[in-house]
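Numbering (the UniProt record's numbering), first residue to last: 1 to 315.
The structure under discussion appears below in the form of structure tokens.
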Amino acid sequence: MGFRGVDTKTYSVLRRDSGGEEGGGLIQSLKKNAKDDELEGPWPLVHPCRQLNSWGLILIAGNAILFILSLGTIAIAYRYSRNLLNNEGNALLKRIDAYLYNEIQVDLVDMTINGSLLNSGDSIFQQPPSPEVDAAWEAITHQYPHVITTEDVIRLGKDPTRTARWPEDWGFGPDAHTAELDIIHTVHCLNAVRRDVHWRHYFGDRYPDGEFPELHRVHTDHCIYIVLQNLMCSANADIITNVWVEGQLHPFPDFNVNKKCRNYDALVDWHHRTQVTDMDNYLAMRRPKGQEPWKMSDDFHRKFQTGLERGHSDD
1 MGFRGVDTKT YSVLRRDSGG EEGGGLIQSL KKNAKDDELE GPWPLVHPCR
51 QLNSWGLILI AGNAILFILS LGTIAIAYRY SRNLLNNEGN ALLKRIDAYL
101 YNEIQVDLVD MTINGSLLNS GDSIFQQPPS PEVDAAWEAI THQYPHVITT
151 EDVIRLGKDP TRTARWPEDW GFGPDAHTAE LDIIHTVHCL NAVRRDVHWR
201 HYFGDRYPDG EFPELHRVHT DHCIYIVLQN LMCSANADII TNVWVEGQLH
251 PFPDFNVNKK CRNYDALVDW HHRTQVTDMD NYLAMRRPKG QEPWKMSDDF
301 HRKFQTGLER GHSDD
């Protein structure tokens, strides 16, 4: 039987002699072809398992960073809320007032308002006029000035080029502006209204008929409005409960309200420690040359009897 010729491939024996040149050449060729296939093929060079491990490490690191940032944010928020709740470092009051709370600590204190309609003698401020009563009011209302800086003026929303400065010979330096404590002025206004209520005691000799000059009435009206605006600005939602009392048919208001108050004594103490009391020299201060004054209305000049009209300067 005859057979067709079969195409056969022959392989040369891999020789290990002569440095394995022939066998080594084949192996090197195979390695080179495999390397070329990896470079030219669609798959990355990194082994798939090794690539997944790298992405996993990146995700873990990212999550760890986010977790640390979250913890930091929670800690900051907790401390901020705690500071507000406890008014630590005046954190709560600094959100309301513009100045002073970097200077002193003003605590919030629990207080019950004395709402008695009758004068029980517990407070000197509820007593009729006397030298002792006047001294008590004077202690919390004297309007001595203070020293503030240009930075303070700007923080108060004012223009430091328009505010009055202390002359350098006062020893406060070149960056010293004159200022007053607003709450002291507000309580001064309340005292002015009190004095008008007791006008016979305070003004009876000068105005026996109770007819005050125009400027006096203007000042009293100004003070009433100042007190009203401050009360409305610091409005609260405190509640007056009602009770049953002897001799009254209807529920009667209990004005003894429990409140959370700023420590007024701390403010007055700071006022006493930092005020400038040399009022003789203070009243002798005059506007420096070149300092533009505020223009005032004709009505202002008439009531204050300045002798000026239409806001003209007295330069």
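Ideal Cβ positions, reconstructed from N, Cα and C, are used throughout, including at glycine.
DSSP links Asn242 through a beta bridge to Pro253. Contact between Phe252 and Val245 is confirmed by a C-beta separation of about 4 Å, below the 8 Å threshold.
Minimum Cα-Cα distance from Thr186 among the listed residues Leu156, His219, Leu215 corresponds to His219.
Less than 9 Å separates the beta-carbon of Thr112 from that of Asn258. Taking Glu168 as the centre and dropping the five residues before and after it, the same chain places the C-beta of Pro174 closer than 7 Å to its C-beta, in chain order. Assigned with DSSP and collapsed to three states, Asp110 falls in strand.
With a cut-off of 8 Å on Cβ pairs, the stretch 143–152 is in contact with the stretch 274–281, counting three or more such pairs. Taking all protein chains in view, the Cβ of Leu181 is crowded by 16 or more other Cβ atoms within 10 Å, so the residue is classified as buried.
Per the Cβ contact rule, the stretch 127–140 is in contact with the stretch 186–198 (3 or more Cβ pairs under 8 Å).
For Cys223, DSSP records no beta bridge to any residue. Approximately 5 Å separates the beta-carbon atoms of Val106 and Asn263; this is inside 8 Å, confirming the contact. Residue burial is scored here from C-beta neighbours: Arg165 has at least 16 other C-beta atoms within 10 angstroms and is therefore classed as buried.
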